[in-house]
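So the mapping is simple: this note's numbering equals the position in the sequence shown, first residue as 1, plus 1.
Read the structure below first, then the notes.
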Amino acid sequence: MPTFDLVVVGSGGGPHETNLSSYLFKPCDTEWKDGIIALEAGSGIGTLHQLLTRDETLFNDLSSYQVYSLIHCFLISHAHLDHVNGLILSAGALHGHRKRVCASLHALKSLETIFADRIWPNLASWDANDAVYKLLYDPLKFDDENYRTIFRDVSVRAMPVLHGKNDTLGDYESSAFFIRYDPSGKEFLFFGDVSPDSLTSQPQTIAVWRAAARKIPNTLSTIFIECSWPVGRPDELLYGISAPSTSWTSLPHSRLRRLERKYSKPIYHVIRDQVKALVQKKGLGAEVLSAEQGMTIMEITLLRRTSLAI
């Protein structure tokens, strides 16, 4: 029985601004008009408008503006522009109730530097009683195993991962999310951009895999993980993201029913095939797909209602 409906608004990492990491989802037993969760927000209203010109029934005849006005929560892994561009540009322009931005404190503090009347107007705040047009910063904690409710019957557990390092801050923090449908306990795992543990001074991804291994396959059967480079990319040129040979070094040797992949380069089919070969070699029993723009996914069983080729 499917658990979530999910639409891939964008799955890339730039430089093309119309295909940036952005996913919209809801519980399968609800309608889109009942409320939507945004998972990342790189591409936004304009990109969705383009998708709807190709398939106007994607959101049951709702317009792109109506869809984004129905968002209750933006769940953000980190504050790089390819993950928040759509969130920034739409801030203050959407109708409906106040919209929360759920992310780590580090990510929210980074967003705060954008909504500071310099790069962009101050259209977000920490005050729950502030104006309804302002985004509400809603920090997620990394320090426990508890799940936080972010929407009716949907809760999330956030775990830290690293996304490379820079000269200013050193290690750069990203997030992985276990996203659960509370009535059934079924969930999927979503990684933001992530560095391989083998290239970090403080390995953190292994803790996510250990948490996932206990759930596979009974409650967890789907994983979204970023992989942006093909096999052969030198370690010093990975820039805080993964290639096939580094993505799978700590993947638990358990049988996954489906493994969903998201790519950020136009050679994603090449990368997908390389990952398939590695998964088959390790005997993981996982099916590897690429999350392509415009794809609709019925999560857990992942029955795709589009005709896009794998």
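Here a beta-carbon is modelled for each residue, glycine too, at the ideal position from N, C-alpha and C.
Would DSSP call Asn-86 helix, strand or coil?
-> Here residue 86 refers to the residue found at position 85 of the sequence shown. Note: Asn-86 maps to helix in three-state DSSP.
What does Lys-187 pair with, by DSSP beta-bridge criteria?
-> Here residue 187 corresponds to residue number 186 of the sequence shown, with the count starting at 1. Per DSSP, the beta bridge partners of Lys-187 are Tyr-182.
Classification of Arg-158 by the beta-carbon crowding that lies within 10 angstroms, buried from 16 upward | Residue mapping note: residue 158 aligns to position 157 of the sequence shown, counting from 1. Counting the other Cβ atoms within 10 Å of the Cβ of Arg-158 gives 16 or more, which makes it buried.
Can you give the Cα-Cα distance for Leu-257 and Val-289, rounded to whole angstroms?
-> Within the sequence shown, the letter at position 256 stands for residue 257. Within the sequence shown, the letter at position 288 stands for residue 289. For Leu-257, the pLDDT reaches just 42, beneath the cut-off of 50, and the residue's location in the model is therefore unreliable, although a value from the coordinates is still provided. Those two C-alpha atoms are separated by around 10 Å.
Buried or exposed: Gly-45, going by 16 or more other Cβ atoms within 10 Å of its Cβ?
-> Counting from one through the sequence shown, the residue named residue 45 turns up at place 44. Looking at its Cβ environment, which holds 16 or more other Cβ atoms inside 10 Å, Gly-45 is buried.
At a Cβ threshold of 8 Å, is Ser-91 touching chain D?
-> Within the model displayed, chain D is absent; a lone protein chain is all it includes.
Leaving out the 5 sequence neighbours to the left and right, which residues in its chain are closer than 8 Å to Ser-70 when beta-carbon positions are compared?
-> For the purposes of this step, residue 70 is taken as the residue at position 69 of the sequence shown. For Ser-70, the CB contacts under 8 Å within the same chain, skipping 5 residues up- and downstream, are Leu-95, His-96, Gly-97 in chain order.
Do His-164 and Ser-196 have their C-beta atoms closer together than 8 Å?
-> Your numbering for residue 164 matches position 163 in the sequence shown. Your numbering for residue 196 matches position 195 in the sequence shown. Taking 8 Å as the Cβ cut-off, His-164 and Ser-196 qualify as a contacting pair.
Which of helix, strand or coil DSSP assigns to Glu-41 = Within the sequence shown, residue 41 is the residue found at index 40, counting from 1. In this structure, Glu-41 counts as strand in the three-state DSSP scheme.
Considering only C-alpha positions, which residue in the set Asp-118, Leu-137, Ala-117 is nearest to Ser-126?
-> The count along the sequence shown starts at 1 and reaches residue 126 at position 125. Here the closest residue by C-alpha is Leu-137.
When the Cα of Tyr-134 is compared with those of Ser-23, Leu-170, Met-160, Ile-89, which residue comes out closest?
-> Residue 134 sits at position 133 when you count from the first residue of the sequence shown. Of the listed residues, the one whose Cα sits closest to Tyr-134 is Ile-89.
For Thr-297, the three-state DSSP class (helix, strand or coil) | Indexing the sequence shown from 1 puts residue 297 at position 296. For Thr-297, the secondary structure class from DSSP, reduced to helix, strand or coil, is strand.
Inter-residue Cα distance where the pair is Ala-212 and Ser-175 = In the sequence shown, residue 212 corresponds to position 211, counting from 1. In the sequence shown, residue 175 corresponds to position 174, counting from 1. Near 17 Å, if we compare the C-alpha coordinates of Ser-175 and Ala-212.
As assigned by DSSP and simplified to three states, the class of Gly-36 = For the purposes of this step, residue 36 is taken as the residue at position 35 of the sequence shown. Residue state, collapsed to three classes: coil.
Which residues bound the beta strand (DSSP E) around His-73?
-> Taking the first residue of the sequence shown as 1, we reach residue 73 at position 72. Element bounds for His-73: 72-76.
Closest Cα partner of Ser-111 within the set Ile-77, His-17, Met-296 = As a working mapping, residue 111 is identified with position 110 in the sequence shown. Closest option to Ser-111, judged by alpha-carbon separation, among Ile-77, His-17, Met-296: Ile-77.
Using the DSSP secondary-structure output, state which residues sit across from Glu-113 in a beta bridge.
-> The sequence position of residue 113 within the sequence shown is 112, counting from 1. Glu-113 pairs with nothing; no bridge assigned.
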